[in-house]
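Q: Here it is, the structure, as structure tokens.
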Amino acid sequence: MAINTVSLPDAAEGKVAKSVGVQIWYALLALIGVIGFAAWIYELDHGLAATGMRDVVSWGMYIFTFAFFIGLSAGGLIMASSAEVFGIKALKPLARLGVLSAASCVAVAALMIIPDLGQPTRILNLVRHPNWSSPLLWDVLIITVYFIFSVVDLSVLQVHAVEPTRLRRTMRLLAYIGLPTAVLLHSVTAWIFGLQISRTWWNTSLMAPLFVVSAILSGTALVTLLALAAERWGHFNLPNDTREWLRKFVAMALLIDLFFVACDYITIFWGNVPADRSALNLVLPGGPYSWLFWGEWLVGGLVPLAFLMVPRLRRVSGSLGIATFLVLIGVYAFRIELVIVGFVNPLTQFPPGNALGTYNATASSFQLVGKYTPSLVEYAITLGLCALFAAIFTTGYRRLHLADGKMIRDPLGSASLTRDEGPPTSDDNSVRDTTLATKP
Amino acid sequence: MTDEKTKYVPHHVMVVDTNRCVGCWTCAVGCKEINNEPLGFWWNRILTTAPNQSTTAAPPASENIDVPRGVFPDLELAYLPVACQHCNDAPCVKVCPVQATYRRDDGAVLIDYERCIGCRYCMAACPYGVRIFNWGDAEYAPGGIVGYGKNYYDDGRLVFTPERPKGVVEKCTFCVERIDVGEEPFCVEVCPIGARVFGDLNDADSEVSQLINEGGAVQLHPELGTDPNVYYVPVRKRVVRES
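Those sequence lines, one after another, are chains A and B.
All the letters of the first sequence, read from the start, carry residue numbers 1 to 440 under the numbering used here.
All the letters of the second sequence, read from the start, carry residue numbers 441 to 683 under the numbering used here.
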């Protein structure tokens with residue numbers, strides 16, 4: 001067999017690595033990453049004054065991007081585990097992709113917190129002096145557990161993909177653990193916000209369910225996009241019934257997500273409590289943050305829903321890609337809205353407002369209604385970490401040979417077994433892999 | 441000193457009489473001086489409100505201070521000096537992931553400037569907006585005043601330092617360095633109208649106890665259950681203009 005004659009994984013990998021496209025891709029990511037790292041060095045030197053955050057809006061892009069990545073991560077694992085737990089065969093081809101995406105996202109989310117800290121060198125205080133009543137501490141804990149779990153899960157899935165008979169029960173067990181862990185991960189992140197009595201915009205028991213459903217929505221959308229990209233550039237095989245499932249899955253999650261958000265709006269609207277209404281008015285059409293409303297409801301809501309559900313639009317080529325991309329924009333808009341609007345109207349709001357914490361000779365040191373514009377440093381660091389996600393995912397995708405189900409490197413050391421038992425399909429794939437890889 | 445502590449722990453409270461406050465900002469400026477607060481920092485600020493106005497009301501019409509509410513000649517004006525409320529059930533203490541913010545037995549909520557990691561979760565959690573973050577290097581007015589000027593440790597923890605490090609959160613300390621040696625917080629001392637009273641709520645005869653138990657002094661945002669140790673005597677009577 002072809003697999004026996006050549007030590008295929010390494011050979012294929014070597015050839016792929018030489019492909020010009022991949023090298024340009026890595027170079028681009030490295031460039032963005034280096035710019036982001038340089039921006040972080042600058043921020044360490046100048047303090048968080050280098051960001052657009054100040055005392056009224058004291059969390060910004062790092063935190064809402066963090067929440068976004070946590071959602072993407074939780075969603076990836078929820079989707080991958082549901083394939084096993086609920087026996088959705090059509091989603092099984094995406095299991096490893098989903099877990100790889102989950103692991104990469106949670107790693108990047110954890111890193112996203114570092115530039116947000118004023119004293120990053122003291123981060124070990126989290127271990128030395130933990131305060132168990134803080135949702136943030138629980139979030140750090142669950143993120144750590146979740147990251148380790150997703151790496152273990154990925155390793156087991158690798159072995160299982162090599163040899164379907166081995167570790168089958170472990171894999172199923174991990175899926176059963178993974179599903180609640182992922183739900184918990186995003187719930188705890190939601191409770192960072194949802195438990196705060198000081199921010200009426202956050203303080204709703206709907207927060208955790210809303211975060212979980214938006215995680216399922218955005219995580220599945222991301223895995224879909226990654227699978228489509230992998231199909232386009234990485235020889236990934238995305239079966240038609242899988243596409244159909246993804247389409248339904250995303251559409252359903254989107255409907256539930258919008259329903260939850262609408263429930264929140266209606267509760268505030270009907271109750272008409274001044275503090276709640278002034279926050280909602282910022283978001284509704286006519287308010288200064290209405291662009292987030294449109295981002296969430298139109299760009300990331302009705303339009304993708306049309307692409308997913310209206311038969312004529314559904315048949316447009318690339319409709320699934322367009323829809324999932326827009327969904328990601330919508331969920332990101334939701335994260336921005338949640339964090340920023342929560343801060344803009346402080347609970348105790350009388351003139352002159354809160355002290356800003358920085359001095360500007362030409363403007364007041366106080367702010368009554370919060371204002372926030374991310375600085376270039378924040379954009380650079382955030383984009384740098386997004387590039388890191390892309391790099392981790394690309395490398396993982398290639399090193400773990402996700403493109404085809406069988407021919408992979410086994411992290412637990414049963415590589416010889418693979419090569420002996422490789423079924424014909426994997427041979428075909430491997431041949432295609434090596435031949436295509438020579439093309440630029 | 442430690443013997444005294446084990447013997448008796450007072451319950452420190454502050455009462456602000458809003459009938460007396462004229463919004464002169466002396467307490468806020470005094471606070472800045474004693475604590476060497478950099479430019480753009482105000483641990484203590486005087487909010488412009490209407491008499492006994494609900495703290496959960498809609499946002500005010502004006503962004504400027506000293507603007508009365510209403511239409512001439514029916515105008516209303518009152519002041520609400522707000523610094524850290526030193527809550528007994530403080531949201532900031534609950535959320536701090538590293539126990540850098542903690543509540544001392546006498547009721548003062550303090551920050552350990554050597555432990556704070558600068559995550560600013562406490563600022564998100566505080567309903568009173570009294571916490572200030574050291575975003576960059578502190579700027580001072582030329583020849584600025586240093587005030588107390590020494591480090592102060594509470595049980596080995598650095599709770600006051602004249603120049604707080606970049607990247608930590610700071611706020612009103614109830615002037616622990618002063619109250620621990622029997623002095624009053626500086627804002628109480630400098631208030632020219634005697635609108636601020638500081639004392640021990642455990643002592644039923646103290647002025648603060650009288651003001652709280654009989655004078656009807658109330659807490660800010662009592663509905664949140666944070667149980668602050670700062671109280672406000674409501675405006676007792678409105679001055680009705682005779683026409």
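Glycine included, C-beta positions come from ideal geometry on N, C-alpha and C.
Would you mind giving the Cβ-Cβ distance between Ile486/B and Tyr448/B, rounded to the nearest angstrom? I have them listed as a contact below 8 angstroms.
A: Start at 1 with the first residue of the second sequence, and residue 486/B comes out as number 46. Start at 1 with the first residue of the second sequence, and residue 448/B comes out as number 8. Their Cβ separation, rounded to whole angstroms, is 34 angstroms, which puts Ile486/B and Tyr448/B out of contact at 8 angstroms.
Q: Phe149/A lies in the alpha helix (DSSP H); which residues open and close that run?
A: Taking the first sequence and counting its residues from 1, one reaches residue 149/A at position 149. Element bounds for Phe149/A: 135-162.
Q: Determine whether the Cβ of Gly413/A lies closer than 7 angstroms to any Cβ atom of chain B.
A: Indexing the first sequence from 1 puts residue 413/A at position 413. Legend: pLDDT at Gly413/A = 38, less than 50; position of this residue unreliable, value from coordinates given subsequently. So no, Gly413/A is outside the interface.
Q: Assuming Leu100/A and Leu154/A make a contact with CB atoms under 8 angstroms, what is their CB distance in whole Å?
A: As a first step, residue 100/A is located in the first sequence; it is residue number 100 there, counting from the start. As a first step, residue 154/A is located in the first sequence; it is residue number 154 there, counting from the start. With 8 angstroms as the limit, Leu100/A and Leu154/A qualify as a contact, their Cβ atoms being about 6 angstroms apart.
Q: For Glu663/B and Gly510/B, what's the separation of their Cα atoms in angstroms?
A: As a first step, residue 663/B must be located in the second sequence, where it is residue number 223. As a first step, residue 510/B must be located in the second sequence, where it is residue number 70. Answer to the nearest angstrom: the Cα atoms are 27 angstroms apart.
Q: Taking a contact to mean a Cβ-Cβ separation below 7 angstroms, would you say Arg437/B touches Ser58/A in this structure?
A: A question about residue 437/B goes unanswered here, because the residues of chain B that appear run from 441 up to 683.
Q: Enumerate in chain order the residues of its own chain whose CB-to-CB distance from Leu258/A is below 6 angstroms, with the five nearest sequence positions on each side excluded.
A: Taking the first sequence and counting its residues from 1, one reaches residue 258/A at position 258. Only Gly301 meet the Cβ criterion.
Q: How long is the line joining the alpha carbons of Leu72/A and Phe211/A, rounded to whole angstroms?
A: Here residue 72/A corresponds to residue number 72 of the first sequence, with the count starting at 1. Here residue 211/A corresponds to residue number 211 of the first sequence, with the count starting at 1. The alpha-carbon atoms of Leu72/A and Phe211/A are separated by roughly 11 angstroms.
Q: Return the residues of the region 519-538 of chain B that lie within a Cβ-Cβ distance of less than 7 angstroms from chain A, sorted by chain order.
A: The region 519-538 of chain B vs chain A, Cβ under 7 angstroms: Leu520, Val522, Pro531, Lys534, Val535, Cys536, Pro537, Val538.
Q: Hey, could you find the ends of the beta strand (DSSP E) Arg509/B is sitting in?
A: As a position in the second sequence, residue 509/B is number 69, starting the count at 1. Arg509/B -> beta strand (DSSP E) spans 509-511.
Q: Just to make sure I have the definition right: I need the residues of chain B whose C-beta is within less than 8 angstroms of the C-beta of Val140/A. Which are they?
A: Position 140 of the first sequence, counting from 1, holds the residue named residue 140/A. Simply Pro537.
Q: Taking beta-carbon pairs under 8 angstroms, can you tell me which members of the region 330-359 of chain A lie near chain B?
A: So the close ones are Gly342, Phe343, Asn345, Pro346, Leu347, Thr348, Gln349, Phe350, Pro351, Pro352, Gly353, Asn354, Ala355, Leu356, Gly357, Thr358, Tyr359.
Q: Just tell me which of Pro500/B, Pro582/B, Ala564/B has its CA closest to the CA of Ala530/B.
A: Against the second sequence, residue 530/B aligns to sequence position 90. That would be Ala564/B, whose Cα lies nearest to the Cα of Ala530/B.
Q: Ile197/A CB to nearest chain B CB: under 7 angstroms?
A: For this step, residue 197/A is matched to residue 197 along the first sequence. Cβ-Cβ to chain B under 7 angstroms: yes for Ile197/A.
Q: Got a sec: is the Cβ-Cβ distance from Met441/B to anything in chain A below 7 angstroms?
A: Looking up residue 441/B in the second sequence gives position 1. Note on Met441/B: pLDDT 48, under 50, position unreliable in the model; the coordinate value appears next. Chain A, which has no Cβ nearer than 7 angstroms to the Cβ of Met441/B, makes this no.
Q: What does the Cβ neighbour count give for Ile474/B, buried or exposed, with the cut at 16 atoms within 10 Å?
A: Within the second sequence, numbered from 1, the residue matching residue 474/B stands at position 34. So Ile474/B counts as buried.
Q: Could you name the residues of chain B that Ala279/A contacts, counting a contact when the two beta carbons are closer than 8 angstroms?
A: Taking the first sequence and counting its residues from 1, the one referred to as residue 279/A is at position 279. By Cβ distance, chain B contributes nothing, its closest Cβ being about 10 angstroms from Ala279/A, past 8 angstroms.
Q: Taking beta-carbon pairs under 9 angstroms, can you tell me which members of the region 202-222 of chain A lie near chain B?
A: For the region 202-222 of chain A, which is checked against every Cβ of chain B, the residues closer than 9 angstroms are Trp202.
Q: Where in the region 561-644 of chain B do unbroken runs of the beta strand (DSSP E), each at least 3 residues long, occur, reported from the N-terminal end onward?
A: Those beta strand (DSSP E) runs which fall completely within the region 561-644 of chain B and span 3+ residues are 592-594, 597-600, 636-640.
Q: State the Cα-Cα distance for the pair Cys631/B and Cys467/B, rounded to the nearest angstrom.
A: By one-based count along the second sequence, residue 631/B stands at place 191. By one-based count along the second sequence, residue 467/B stands at place 27. Approximately 6 angstroms, taken between the alpha carbons.
Q: Which residues in the same chain as Leu368/A place their Cβ atom closer than 7 angstroms to its Cβ, once the five residues preceding and following it in sequence are excluded?
A: Locating residue 368/A in the first sequence gives position 368, counting from the first residue. Once the five neighbours on either side are set aside, the close Cβ partners of Leu368/A are Gln349, Pro351, Pro352, Gly353.
Q: When the Cα atoms are used, what is the spatial distance from Pro668/B to Leu320/A?
A: Taking the first residue of the second sequence as 1, we reach residue 668/B at position 228. Taking the first residue of the first sequence as 1, we reach residue 320/A at position 320. Approximately 54 angstroms between the Cα atoms of the pair.
Q: Looking at the structure shown, is Glu477/B part of a helix, part of a strand, or coil, going by DSSP?
A: By one-based count along the second sequence, residue 477/B stands at place 37. Coil.
Q: Please name the residue or residues paired with Arg543/B in a DSSP beta bridge.
A: Position 103 of the second sequence, counted from the first residue, corresponds to residue 543/B. Looking at the DSSP assignment, Arg543/B forms a beta bridge with Val549/B.
Q: Kindly indicate the opening and closing residues of the beta strand (DSSP E) around Asp45/A.
A: On the first sequence, position 45 is the one that residue 45/A refers to. It is not in any beta strand (DSSP E) - Asp45/A instead sits in the alpha helix (DSSP H) that spans 20-46.
Q: Taking Cβ-Cβ distances shorter than 8 angstroms, what residues in chain B pair up with Ile123/A?
A: In the first sequence, residue 123/A corresponds to position 123, counting from 1. Result: Ile557.
Q: Does chain A have any CB closer than 7 angstroms to the CB of Cys627/B?
A: Residue 627/B sits at position 187 when you count from the first residue of the second sequence. False, the Cβ-Cβ gap to chain A never drops below 7 angstroms.
Q: Compare the C-alpha of Val327/A against each of His46/A, Ser82/A, Ser214/A, Gln158/A and name the closest.
A: Residue numbering aside, residue 327/A sits at position 327 when the first sequence is read from its first letter. Ranking the options by Cα distance to Val327/A, first place goes to Ser214/A.
Q: For the 8 angstroms Cβ check, are there 3 or more pairs between the region 78-94 of chain A and the region 178-193 of chain A?
A: Output reads yes: the region 178-193 of chain A touches the region 78-94 of chain A.
Q: Interface residues of chain B around Asn131/A at Cβ under 7 angstroms?
A: Position 131 of the first sequence, counted from the first residue, corresponds to residue 131/A. Neighbours of Asn131/A on chain B, chain order: Cys536, Pro537, Val538, Gln539.
Q: Are the C-beta of Gln119/A and some C-beta of chain B separated by less than 7 angstroms?
A: The sequence position of residue 119/A within the first sequence is 119, counting from 1. Output row for Gln119/A: interface = yes.
Q: By how many angstroms is the C-alpha of Asp276/A removed from the C-alpha of Gly118/A?
A: Stepping through the first sequence from its first residue, residue 118/A is reached at position 118. Stepping through the first sequence from its first residue, residue 276/A is reached at position 276. Approximately 30 angstroms between the Cα atoms of the pair.
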